[in-house]
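Residue numbers (the working numbering): 1108 to 1337.
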């Protein structure tokens, strides 16, 4: 059982069955991030709050995060047939291991896909699964979910009104370039980073991290040439 010093119980109402339950969360004052990768993967001293972001209903097994929107009536039947009726209700895993966290995130991603939750929510879940596998030194699974996140980010860029999404559009472009880089597709990375450096409206913070990442990629992978600068 988690200690009260570190954890508290958050009351949750299941979006599917309306069952009320509690789920552990790490107290904000106990969260100590010590570093962050260039794709914003965080590292913490002590317990990792990412392990506890997914809520899993002990009554029906529905897995979701606080960012999920309400379930539309027209989606309920498909969710019941494809998810609720097919899974075994996961154990609570109050003190979550990395394996437990990965399993819960995958359930949440499956649910988000069935429910047509926003593309950014789906990408966010893919990124977290990739990060958890990075912690776990599982490069194959990490890259698989980075690829999934990249595909979703590209879909957002191509389909969505970028002025209305819940993510800065320049950060979205940066993430597309960064994920191409992490997947070894350096020319595609270069093209996306070039968009940022040629756009007068790119925010200073995104400009700074883009330039820094390009310098790092050039040194690490002996890349020639440069990206367009301003």
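Backbone N, C-alpha and C fix where the C-beta goes; we use that ideal spot for every residue, glycine too.
Exercise for review: Using the Cα positions of residue 1327 and residue 1285, report the straight-line distance between them to the nearest angstrom.
Suggested key: Cα atoms of residue 1327 and residue 1285: separation of roughly 14 Å, rounded to the nearest angstrom.
**Study point:** Cβ-Cβ separation, residue 1314 to residue 1304 (assumed contact under 8 Å), whole Å
**Key:** Beta-carbon to beta-carbon, residue 1304 and residue 1314 are separated by about 7 Å, close enough to satisfy the 8 Å threshold.
Exercise for review: Could you check which residue in 1125, 1132 and 1323 has the C-alpha nearest to that of residue 1169?
Suggested key: 1125
Exercise for review: Under the assumption that residue 1224 contacts residue 1175 (Cβ atoms under 8 Å), give the Cβ distance between them as a whole number of angstroms.
Suggested key: 6 Å
Review point. Alpha carbon to alpha carbon, how far is residue 1221 from residue 1186?
Key: 6 Å
Exercise for review: Could you pull the start and end residues of the beta strand (DSSP E) that residue 1308 belongs to?
Suggested key: Counting along the chain, residue 1308 falls outside any beta strand (DSSP E), and DSSP gives it neither H nor E.
Review point. Can you tell me where the beta strand (DSSP E) with residue 1211 in it begins and where it stops?
Key: Looking at the DSSP string, residue 1211 is not in any beta strand (DSSP E); the run it does join, the alpha helix (DSSP H), is 1205–1221.
Practice item. Specify the secondary structure class of residue 1193 as computed by DSSP and reduced to three states. Key: coil
Exercise for review: Please list the segments of the alpha helix (DSSP H) lying wholly inside the stretch 1265–1297, counting only runs of 4 or more residues, in order along the chain.
Suggested key: Taking only runs of at least 4 residues, the alpha helix (DSSP H) segments lying wholly in the stretch 1265–1297 are 1276–1289.
Point to revise | Where the alpha helix (DSSP H) containing residue 1242 begins and where it ends | key: 1226–1242
Check your understanding: For residue 1210, which of 1236, 1309 and 1272 has the nearest alpha-carbon?
Key -> 1236
Point to revise | Min CB distance residue 1272 to chain D below 8 Å | key: The chain labelled as chain D is not found in the depicted structure, where only one protein chain is given.
**Study point:** Cβ neighbour criterion (16 or more within 10 Å) applied to residue 1111
**Key:** exposed
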